[in-house]
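Residue numbers (UniProt numbering): 1 to 289.
Even for Gly, the Cβ is constructed at its ideal location relative to N, Cα and C.
All values reported here derive from a predicted model rather than from experimental measurement.
First comes the structure, then the notes that go with it.
Structure representation (structure tokens):
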């Protein structure tokens, strides 16, 4: 049982007071690290640069248990994201000619045993070959997890890609902000109706910031207000939530309320540390008690 995680690895530069805090990030990389920390075997599938940042990703993946058998090394720099505050409300992405867009294809040996495939982040709209990988995963019977992680700088590309990935998805993670971005003229209820009409069987994790989240399936709609913790940093909380939800789907009996609680506990645990922190199972369970 392996999760293939498709997307990019990005170095995050986060402004904290008068200094810059530099940490590894990128939705797919964050999800890989959280899955590994929770005990779900995973393989990062994407392109890593041969610069020093790329070397750091390789060392970190090996140390944390993230599989890199299907990650390719390319002679290109690592993309950078610059976040001007820890809430990620002011964000700039520097990626032209960078490694994440040089993904080409999935080796055939990656598919056996792949029970799920995650696709997330801005890299998806910069490299259309990831859509073909999602189609291949669906053809092979893998669960498809999709997190658009909308970025206004690529609004047109996101709006074109969203329905294509949505129709393939088993599990969709979106924030209310994501839905406003990809469906700018729709209310929240209208956007959820669009999602349900486009893919009647999809399960939706709708995150609502300080208001918690909802988990919505064809025959259930459960909500959770979240867990109260001392917040140090919210960067990566959404990635922790979807990784934990996928882990619960793969390892626990079907129980939407329990799965949502576990998902939000992971997000809360991630918020207690700086950067896109990957909480181990013990810390997630601690938040829940």
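DSSP-derived helix/strand/coil call for residue i
i: residue 219; result: coil
i: residue 207; result: strand
i: residue 58; result: helix
i: residue 1; result: coil
i: residue 29; result: helix
i: residue 78; result: coil
i: residue 194; result: helix
i: residue 115; result: strand
i: residue 93; result: strand
i: residue 84; result: coil
i: residue 137; result: helix
i: residue 252; result: coil
i: residue 185; result: coil
i: residue 129; result: helix
i: residue 180; result: helix
i: residue 276; result: coil
i: residue 151; result: coil
i: residue 235; result: coil
i: residue 297; result: The structure shown has nothing for residue 297, since the chain only spans 1 to 289.
i: residue 200; result: coil
i: residue 107; result: coil
Where residue i falls, given that 16 or more other Cβ within 10 Å makes a residue buried
i: residue 185; result: exposed
i: residue 202; result: buried
i: residue 197; result: exposed
i: residue 245; result: buried
i: residue 43; result: buried
i: residue 207; result: buried
i: residue 17; result: exposed
i: residue 156; result: exposed
i: residue 126; result: buried
i: residue 282; result: exposed
i: residue 220; result: exposed
i: residue 84; result: exposed
i: residue 257; result: exposed
i: residue 211; result: exposed
i: residue 143; result: buried
i: residue 7; result: buried
i: residue 141; result: exposed
Beta-ladder partner(s) of residue i, from DSSP
i: residue 102; result: DSSP output for residue 102 lists no bridge partner at all.
i: residue 173; result: 205
i: residue 24; result: 11
i: residue 73; result: 48
i: residue 145; result: 118, 171
i: residue 16; result: 19
i: residue 43; result: 4, 67
i: residue 290; result: Outside the shown range of the chain (1 to 289) lies residue 290, about which nothing can therefore be said.
i: residue 213; result: 207, 224
Cβ-heavy atom distance, residue i to the ligand ATP, below 8 Å
i: residue 28; result: With respect to small molecules bound, the structure shown includes none, and the ligand ATP cannot be examined in it.
Cβ-Cβ separation, residue j to residue i (assumed contact under 8 Å), whole Å
i: residue 47; j: residue 74; result: 5 Å
i: residue 176; j: residue 188; result: 6 Å
i: residue 103; j: residue 130; result: 7 Å
i: residue 11; j: residue 250; result: With 8 Å as the limit, residue 11 and residue 250 do not qualify as a contact, their Cβ atoms being about 29 Å apart.
i: residue 28; j: residue 97; result: Between residue 97 and residue 28 the Cβ distance is about 19 Å, and since that is not below 8 Å, they are no contact.
i: residue 235; j: residue 14; result: 6 Å
i: residue 216; j: residue 192; result: 7 Å
i: residue 37; j: residue 279; result: 6 Å
i: residue 137; j: residue 153; result: The Cβ separation is near 27 Å, so there is no contact.
i: residue 106; j: residue 70; result: 7 Å
i: residue 291; j: residue 288; result: Because the chain in this structure spans residues 1 to 289, residue 291 falls outside the shown range and cannot be described.
i: residue 91; j: residue 101; result: Not quite, the Cβ-Cβ distance comes to about 18 Å (not below 8 Å), so this is no contact.
Chain C within 9 Å of residue i, Cβ atoms only
i: residue 205; result: Among the protein chains of the structure shown there is no chain C, as only one such chain exists.
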